[in-house]
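Visitor: For the sequence shown, my numbering gives the first residue as 1, with consecutive numbering after it.
No residue lacks a Cβ here, since even glycine has one placed at the ideal position from N, Cα and C.
Here the structure is a predicted model, which means the values were calculated and not measured.
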Amino acid sequence: MIKLHSGLGLSEIDGETVILDSRSGRYYALNGTGSRMLALVLEKGSVAAMLEAMSAEYDVPEDVLAKDWDALRKELSSRNLLESGA
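(1) Thinking C-alpha only, which one of Ser77, Tyr28, Ala39, Met50 is nearest Ala66?
(2) Beta-carbon within less than 6 Å of Gly45's beta-carbon, same chain only, minus the 5 sequence neighbours each way: which residues are those?
(3) Measuring alpha carbon to alpha carbon, tell me which residue in Ser55, Thr17, Ala39 is nearest Leu27.
(4) Going by CA-CA distance only, name the one from Leu38, Arg23, Ser24 that's closest to Ser11.
(5) Going by beta carbon distance, what residues of the same chain come within less than 7 Å of Asn80, once the five residues before and after it are set aside?
(6) For Leu52, which residues of its own chain have a beta-carbon under 8 Å away from its beta-carbon, when the five flanking residues on both sides are left out?
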């Protein structure tokens with residue numbers, strides 16, 4: 001299951017997600033695609049379900065979306081925003 005670390009706040013502003021890290025006082029902005037990916041993976045609880053939904057919604061092959069998710073996951077993980085095992 002994919003989860004954000006505790007102490008993080010999520011807000012949506014003009015179709016983009018802003019993640020506020022109360023631990024560090026920093027914030028991170030995701031573009032529309034990254035925002036949708038994160039929202040779906042948190043809602044659906046799995047990468048596979050998120051990829052299936054995104055593929056149907058945007059008519060993009062799942063393997064292309066998987067590469068985008070991997071890049072987003074690595075970026076969020078490098079900033080200590082995702083729980084380990086995500």
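Guide: To lay it out plainly:
(1) Met50
(2) Answer for Gly45: Met1, listed in chain order.
(3) Correcting the residue identity first, residue 27 is Tyr in this sequence and not Leu. Closest in alpha carbon position to Tyr27, among Ser55, Thr17, Ala39, is Thr17.
(4) Closest by C-alpha distance to Ser11, out of Leu38, Arg23, Ser24, is Leu38.
(5) Excluding sequence positions up to five before and after Asn80, its CB lies within less than 7 Å of the CB of His5, all in the same chain and listed in chain order.
(6) The question names Leu, but residue 52 is Glu in the sequence shown. The answer, listed in chain order, is Glu62.
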